[in-house]
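Some notes on the structure that comes next.
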Amino acid sequence: MKARAGSSAGAASGSAASGPPASGPPAPGPPAGALRRPSRLARHRRKLVAAAALLAAPVLAHLGIGAATRIEPPPIRAVAGEPAAGPAGLRVLGPAYARRRGRILEARLAGSPEEIGHQHGRLFYPEMVQNEDTLHEQLRRYVPVAPLRWLLMDLSRLQFRGVDEGMSDGVRREIAAQARAFSPDPFDGVLPTYHRFIFLQSLYDIALSFEHSPLIGCTSFALTGAASAGGHAVLARNFDFEAGPVFDEGKAVFLVHEQGKIPYASVSWPGLVGAVTGMNAAGLALVVHGGRAGEPRAAGEPVVHTMRDVLGRARGVDEALAILEARAPMVSHLVMLVDAAGEAAIAERAPGVPLHARRGRGKVPLTNHFEGPLAGDPRNRRVEAETSTHARRRRLDERLAALPDGATVEAAVDVLRDRRGPGGAPLPLGDRRAIDALIATHAVVMDATARVLWVSEGPHLAGRFLRFDLARLLAPTFDPALDPAEPEALPEDPLLTSGDYAAWKRAGSPHAGGELGSSAPGPSAGDGERGRDAP
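All residue numbers for the sequence shown refer to numbering that gives the first Met the number 0, where the first residue is 0 and numbers rise by one.
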């Protein structure tokens with residue numbers, strides 16, 4: 000550094016001697032031996048490089064995960080067509096249609112997987128946009144920090160990158176056609192449409208794989224033989240699903256005619272390809288309840304697709320159990336089955352565990368805990384200790400025990416609307432320990448013998464229950480244009496006219512109980528007594 004400074008000084012004096020005379024004394028140079036200070040950028044270069052790498056790493060990882068986990072649609076046959084307006088608000092697309100029955104959507108979907116997917120995507124495009132927007136809003140509400148949402152999405156993409164492999168070819172083609180028909184797609188910045196729809200069709204399983212899933216809260220019961228009017232086989236259920244009011248206000252009854260399968264009805268919401276509540280033309284009825292046992296798996300068949308295939312193929316409980324036994328589930332759950340012959344069973348399913356079936360007759364209750372070989376599973380014990388399953392089960396046992404033989408549909412609806420605790424103890428409105436906690440997105444009473452559904456109109460169970468005659472609606476010759484009459488209905492709950500429901504809404508729709516809300520440490524008296532294995 001010293002030699003370099005001297006040379007610079009000599010060059011400067013030589014230049015001055017040969018140039019024009021200076022107007023003043025030359026500017027003093029730096030003192031000999033002085034060090035030039037490096038710039039701030041130079042001093043912090045390593046830190047800046049490290050910071051840039053830290054910032055870039057998540058972005059690069061996100062892009063890499065996106066490229067490595069993309070789920071591609073299968074090749075499908077192109078389907079065209081747009082809905083046309085018919086009389087009395089009817090929307091028609093080929094053999095498919097959609098119309099309002101009270102506040103419930105009724106729709107027929109028919110044809111090949113591609114045709115059904117296209118019909119679904121075009122007939123219900125506005126409703127599907129609204130439903131998905133609600134799900135994204137819920138995600139933003141519970142995970143308000145955007146980078147955390149991206150991380151959650153990336154982890155889900157990694158964990159469930161092969162979730163479509165458990166779906167049948169027909170289901171994948173139907174979802175691909177539905178995704179193609181969902182245009183324009185306002186959410187394509189989240190995930191490509193087909194990939195996102197695959198995840199949405201697996202939402203039940205993905206949600207149940209989390210420890211505090213909102214799906215632990217359903218209540219159902221079966222009535223067979225002398226227990227119900229005329230000896231009919233009846234299955235009644237509350238589907239508790241706290242994902243937003245749109246799934247209650249926009250519920251739909253789908254009448255599905257798949258090629259080569261038994262026609263069936265599914266009560267759900269626009270966009271869902273599978274089934275959680277349904278009955279087919281042969282009189283087989285089923286419902287799904289969330290449960291926790293065993294280890295969730297990222298591979299297997301999503302439960303809503305298994306249920307749909309059961310409805311399309313099984314004519315009775317035995318055939319349904321055989322189909323369930325042959326399928327590998329992703330998460331644990333319970334399935335209640337009733338058929339027109341009066342058979343009833345509860346299938347307890349968990350990944351990697353043989354199916355366990357509990358047969359039942361007369362009055363058969365179900366909430367959310369396992370009672371077979373999985374009863375001792377630590378996750379099931381936690382459900383029993385920390386959720387409302389036993390409180391609801393004890394109250395359900397009481398109501399069923401007090402139900403006289405020959406119970407009518409009206410009596411079944413009254414049980415579903417029960418808002419008291421065990422022993423008839425009063426509970427605040429919305430308490431999750433009640434059978435009706437004002438969280439159900441649909442409630443249904445299914446008469447498997449008569450092939451009739453009674454479906455709650457909303458809000459929750461407080462509105463009317465509308466009658467859907469499947470023997471007529473599932474007939475190949477049924478023409479909705481020739482059926483303008485309003486459906487028969489059971490009256491709304493007095494809760495709506497008393498002012499109590501409105502007051503509860505004004506108070507913010509509070510919900511006590513639920514997770515960590517069961518005041519019942521022990522099992523209900525009926526556990527293990529009803530619904531035992533058939534001898």
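Yeah, the Cβ is synthetic: ideal placement off N, Cα and C, and Gly gets one too.
On a predicted model such as this, the values are computed, not experimentally measured, just so you know.
Scanning the stretch 383 to 439 from its first residue to its last, the whole alpha helix (DSSP H) runs of 4-plus residues come out as 388 to 401 and 408 to 415. If you ignore the 5 residues before and after residue 133, its C-beta comes within less than 6 Å of the C-beta of 243 and 245, all in its own chain and listed in chain order.
Just so you know, the alpha carbons of residue 218 and residue 118 end up roughly 32 Å apart.
Taken through DSSP and simplified to helix, strand or coil, residue 510 comes out as coil. Unbroken beta strand (DSSP E) stretches of 3 residues or longer found wholly inside the stretch 188 to 225: 218 to 222, given in chain order. Residue nearest to residue 330 within the set 350, 489, 156 and 189 is 350 (criterion: CA-CA distance). Residue 399 is classed as buried because its beta carbon has at least 16 other beta carbons within 10 Å across all chains shown.
According to the DSSP assignment, residue 455 belongs to the beta strand (DSSP E) that extends over 451 to 455. For residue 286, there is no enclosing alpha helix (DSSP H); the residue is part of the beta strand (DSSP E) that begins and ends at 284 to 289. With contacts defined as CB atoms closer than 9 Å, residue 271 and residue 362 fail to qualify as a contacting pair. Ranked by how close their Cα comes to the Cα of residue 324, the residues 340, 300 and 338 have 300 in first place.
No Cβ-Cβ contact shorter than 9 Å links residue 303 with residue 266. Taking the C-beta atoms as reference points, residue 220 is found nearer than 9 Å to residue 236.
Between the stretch 464 to 478 and the stretch 418 to 428 there are fewer than three inter-stretch CB-CB distances shorter than 8 Å, so the stretches are not counted as touching. The C-alpha of residue 316 lies about 19 Å from the C-alpha of residue 443. By the neighbour-count definition (other C-beta atoms within 10 Å, threshold 16), residue 383 is a buried residue. In the structure shown, the three-state DSSP call for residue 319 is helix. Residue 110 is bridged by DSSP to 257. Taking each of 296, 279, 290 and 292 in turn and checking the Cα distance to residue 308, the smallest one comes out for 279. In this structure residue 254 is in contact with residue 107, their Cβ atoms being roughly 4 Å apart against a cut-off of 8 Å. Sorting 180, 100, 473 and 136 by C-alpha distance to the C-alpha of residue 82 places 180 at the top. For residue 276, the secondary structure class from DSSP, reduced to helix, strand or coil, is strand.
Contact annotation: residue 334 and residue 285 have beta-carbon atoms nearer than 9 Å.
Residue state for residue 104 is assigned as strand, using DSSP reduced to three classes. Runs of alpha helix (DSSP H) with 4 or more residues, each lying fully within the stretch 137 to 192, are found at 145 to 158 and 168 to 180, listed in chain order. Every beta strand (DSSP E) of 3 residues or more that sits fully in the stretch 319 to 352 is shown, in chain order, as 332 to 337 and 343 to 349. For the options 96, 73 and 294, the alpha carbon positioned closest to that of residue 84 is the one of 96. DSSP places residue 499 in no beta strand (DSSP E) but in the uninterrupted alpha helix (DSSP H) bounded by 499 to 505. Beta-bridge analysis with DSSP links residue 252 to 105 and 266. Here residue 249 is actually not in contact with residue 262; their C-beta atoms are around 23 Å apart, not less than 8 Å. With respect to the C-alpha of residue 78, the residue from 71, 86, 92 and 88 having the closest C-alpha is 92. Assignment of residue 364 by DSSP, reduced to helix, strand and coil, places it in the strand class. Nearest C-alpha to residue 229 among 182, 339 and 190: 339. By the C-beta density criterion, residue 113 is buried, having at least 16 other C-beta atoms within 10 angstroms. Just so you know, the alpha carbons of residue 90 and residue 296 end up roughly 40 Å apart.
In the DSSP assignment, residue 469 falls outside any beta strand (DSSP E) and lies within the alpha helix (DSSP H) extending over 469 to 472.
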